[in-house]
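Notes follow once the structure below has been shown.
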Amino acid sequence: MAEEIKLIPITTTAGLQKFFQASGLPEVKLKLTHIGFGDAGYTPDKDQTSLKNEIIRVPISSGKVFPSDGYMDLSALIPEDVPEFWIREIGWYLEDGTLAFVWSHPEVPIAWKNKNLKLLAGISIRVTDVPLDKVEVVESNPDLKLLYTEEFMQISQILTNHEVAIVAVRDKAEQAMETANDTKEKLEALLPYVSDIDKKTADIENNLLLEELTDQTVLARIGNAITDISEKLRVVNTSKLNEVEEEIDKIEKLLAQVKEKVDSDVVAGFQSEIDDIKTQIENLKNSKADKSYVDSTFAKTSDLDSYATKNYLTTQLSSYATRKYVDDNFLKKSELDLKVYTFRGDSTTKWLKVATLDGIDDNTGFSLQFKVINNGDFGCIGRQTDFVHFTERFGYFQLTDFVISDIGDCYGAGAPPCEFGYVVTGDHTADFYIKLNMYNMPVITDIFIWNGTLLFDKPLVLTEEPENIRYATKKMLFNNQ
Numbered sequence: 000m001a002e003e004i005k006l007i008p009i010t011t012t013a014g015l016q017k018f019f020q021a022s023g024l025p026e027v028k029l030k031l032t033h034i035g036f037g038d039a040g041y042t043p044d045k046d047q048t049s050l051k052n053e054i055i056r057v058p059i060s061s062g063k064v065f066p067s068d069g070y071m072d073l074s075a076l077i078p079e080d081v082p083e084f085w086i087r088e089i090g091w092y093l094e095d096g097t098l099a100f101v102w103s104h105p106e107v108p109i110a111w112k113n114k115n116l117k118l119l120a121g122i123s124i125r126v127t128d129v130p131l132d133k134v135e136v137v138e139s140n141p142d143l144k145l146l147y148t149e150e151f152m153q154i155s156q157i158l159t160n161h162e163v164a165i166v167a168v169r170d171k172a173e174q175a176m177e178t179a180n181d182t183k184e185k186l187e188a189l190l191p192y193v194s195d196i197d198k199k200t201a202d203i204e205n206n207l208l209l210e211e212l213t214d215q216t217v218l219a220r221i222g223n224a225i226t227d228i229s230e231k232l233r234v235v236n237t238s239k240l241n242e243v244e245e246e247i248d249k250i251e252k253l254l255a256q257v258k259e260k261v262d263s264d265v266v267a268g269f270q271s272e273i274d275d276i277k278t279q280i281e282n283l284k285n286s287k288a289d290k291s292y293v294d295s296t297f298a299k300t301s302d303l304d305s306y307a308t309k310n311y312l313t314t315q316l317s318s319y320a321t322r323k324y325v326d327d328n329f330l331k332k333s334e335l336d337l338k339v340y341t342f343r344g345d346s347t348t349k350w351l352k353v354a355t356l357d358g359i360d361d362n363t364g365f366s367l368q369f370k371v372i373n374n375g376d377f378g379c380i381g382r383q384t385d386f387v388h389f390t391e392r393f394g395y396f397q398l399t400d401f402v403i404s405d406i407g408d409c410y411g412a413g414a415p416p417c418e419f420g421y422v423v424t425g426d427h428t429a430d431f432y433i434k435l436n437m438y439n440m441p442v443i444t445d446i447f448i449w450n451g452t453l454l455f456d457k458p459l460v461l462t463e464e465p466e467n468i469r470y471a472t473k474k475m476l477f478n479n480q
C-alpha cells in the first residue's frame with residue numbers, strides 16, 4: 000500500500016536553532032534521518048520537541064532535496080506489525096533526535112494505516128523559512144519506488160490548498176488589524192476637533208436666529224410658546240414631560256438673549272410664567288402625594304365629613320329600604336378611612352380591585368361613594384352609568400346594577416359625591432374589579448374614595464392600589480354619630 004502526501008509543516012524553535020548554528024559552517028550539513036507518525040490532531044506549535052502521541056518512528060527510506068524550490072520529497076515505510084491508526088501528525092527528526100519540522104491538523108487525517116499491511120508513504124514537504132541546502136537526507140533504502148493512488152493525490156491537493164489558504168488568511172487578518180488600529184488612532188485624534196466644531200455650529204445657529212428676528216418678534220414667539228406649553232400640560236402624559244422641559248429650556252435661552260434689549264417688566268413677566276410651568280412639571284413628575292396639595296384641595300372643594308354620616312347614607316339609600324344596607328356598628332366607628340387617588344387624565348380605563356372578607360352570597364347589594372374633583376375645571380368626565388361599575392373582567396360573575404345618583408352631578412367644586420349600588424347574583428369568592436372610564440379628563444383629576452360597604456354587613460376592601468395612578472394618600476374623616 001502506497002500513499003503520496005503533500006504538506007506544509009512548521010519549523011520548530013529547536014530546528015531553527017540547529018539551522019542557525021550550521022549557517023556559518025559551510026562544510027556542516029544537518030542530517031535528516033527519521034519520520035515519526037502519530038494519531039493526535041491539533042494545531043502544531045513551534046515550541047514542540049516531540050509529537051503529542053507518536054505511534055511509530057521509522058528511518059527515512061529515500062529522499063531528495065530541492066533547495067531552490069523550497070521543498071523535499073521523502074519516503075518512509077511503516078511495517079505491517081504496527082497497529083492500525085489514523086495518521087494525524089507527522090514529525091521529521093535530525094540525526095541527534097531534534098524534531099526539526101512538524102505537521103498536524105485538528106480535523107483532517109492524512110492516511111489510514113491498516114493492520115497487517117505495510118504502508119509506504121511518500122511525503123512532499125514545502126519549507127521556506129530555513130535554507131534547505133543545509134539539509135542532507137540519510138536514506139535507509141534508496142531503491143524503494145513510490146506507488147501513487149488517485150484518491151490520495153486528490154486528498155493531498157486539498158490539504159495543500161487548505162494550508163496555503165490558512166497562511167494567506169492569517170496575513171490578511173494581521174494587515175486588517177494594523178489598518179484598524181491606525182484608523183482608530185486617527186479618529187481619536189479628530190474627536191476634540193469635532194466637538195469644537197459642533198459647539199461653534201450651535202453658537203452660529205443661535206446668533207443667526209436672533210439676527211433674523213426683531214426683538215419684538217422674539218418676544219411674541221416666547222409668549223406664544225409659553226401659551227402652547229401651558230395648554231400642553233393640561234393633556235400631556237407623564238412620559239412626555241421631558242419634551243416639555245426641553246421646550247422650556249429653549250424659551251429660556253431665547254429670553255436670556257433679548258432681556259438686555261427689551262422692557263425688564265416684560266422679561267420678568269415671562270420668567271414668572273416659565274417658573275410657574277416648571278413648578279407644574281415638578282408636581283407632575285413627583286410620584287408621591289404632596290400633603291399640602293391634598294389638604295388645600297379638600298379645603299376649597301367641599302366638606303367631606305358630612306358625606307360619611309349614618310344619616311346621609313340612610314337618606315340616600317332610603318328607596319331601597321327592603322334591604323339591610325349597613326351595619327350600625329360599622330357606622331359607629333369614631334373615624335373612617337378615606338383613600339384619595341389622583342389619576343392621569345389620559346382617556347384610559349382604570350381599575351380598582353376589591354374584595355370582601357368572606358365572599359359574596361346570592362343577591363348581595365353593594366354601595367360605594369365617590370367624589371370627583373378636577374381642580375375647578377369643567378370637563379367631560381363621562382356621564383354614562385358605566386363610569387364606575389362592576390365588570391366581568393375575567394368572566395367571574397353576572398351582575399344586575401342600579402345607579403343611585405347620576406354621574407353628571409359628581410364633579411366640580413362643591414358637588415355632592417356620586418354613589419353607586421349593585422346587586423350581585425350568585426355566590427362568589429373571587430376579587431371584584433370596579434371600572435373607571437376616564438373620558439377626556441383634565442391633566443389631574445382627584446377621585447376621593449371612601450367607605451364602600453357591601454350589604455348584609457360585609458365591608459368592601461380595596462385589595463391593591465389602582466393601576467396607573469398619579470399618587471395616593473390616606474386621610475381620616477371623623478363623624479359625630
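In numbering that gives the first Met the number 0, the protein residues as written are 0 to 480.
Virtual Cβ for every residue (Gly too), placed ideally from N, Cα, C.
The model shown is predicted, which means the values in this text are computed figures rather than measured ones.
I'd like the span of the alpha helix (DSSP H) that includes residue i, first residue to last.
i, result
"THR12", "12 to 22"
Less than 8 Å between the beta carbons of residue i and residue j, yes or no?
i, j, result
"GLY121", "SER74", "yes"
"LEU93", "GLN47", "no"
"LEU253", "VAL266", "no"
"TRP85", "ASP38", "yes"
"LEU76", "LYS117", "yes"
"VAL129", "THR10", "yes"
"GLU79", "TRP102", "no"
"GLY40", "HIS104", "yes"
"THR17", "SER123", "Just to set this straight, residue 17 is Lys in the shown sequence, not Thr. For LYS17 and SER123, no; Cβs fall outside 8 Å."
"VAL81", "ILE54", "yes"
For the ligand NAP, is there a heavy atom less than 7 Å away from the beta-carbon of residue i?
i, result
"HIS33", "The model depicted lacks the ligand NAP and carries no ligand whatsoever."
For the beta strand (DSSP E) that contains residue i, what are its first and last residues?
i, result
"VAL64", "53 to 65"
"GLY35", "29 to 37"
"LYS112", "110 to 112"
"GLU88", "88 to 93"
"VAL136", "134 to 136"
"ASP68", "No beta strand (DSSP E) contains ASP68, which DSSP labels as neither H nor E."
"SER123", "118 to 125"
"LEU98", "98 to 103"
Among residues of its own chain, excluding the 5 on either side of residue i, which ones have a beta-carbon nearer than 7 Å to its beta-carbon?
i, result
"VAL64", "MET71, LEU131, VAL134, VAL136"
"GLY62", "MET71, ASP72, LEU73, SER74, VAL136, GLU138"
"LYS258", "VAL266"
"ARG125", "ILE7, GLY69, TYR70"
"PRO141", "SER61"
"PRO43", "ILE9, VAL101, TRP102, SER103"
"LYS45", "ILE9, THR11, THR12"
"THR106", "The residue you asked about is not Thr; residue 106 is Glu in the sequence shown. Excluding positions up to five away in sequence, the list reads GLY40."
Residues in its own chain within less than 8 Å of residue i by CB, not counting five upstream and five downstream?
i, result
"LYS28", "ALA21, LYS133, VAL134, GLU135"
"THR32", "PRO58, ILE59, TYR92, LEU93, GLU94, VAL137"
"ILE273", "ILE225, ILE247, ILE250, GLU251, LEU254"
"THR127", "GLY69"
So, at 6 Å on beta carbons, what are the nonlocal neighbours of residue i in its own chain, with the 5 sequence-adjacent residues on each side left out?
i, result
"LYS482", "The question about residue 482 has no answer, for the chain in this structure spans 0 to 480."
"GLU83", "LYS112, ASN113, LYS114"
"PHE19", "none"
"GLY23", "none"
"GLY90", "GLY35, LEU50, LEU98, VAL101"
"ASP181", "none"
So residue i and residue j are supposed to be a Cβ contact under 8 Å. How far apart are they, rounded?
i, j, result
"GLY35", "ARG56", "4 Å"
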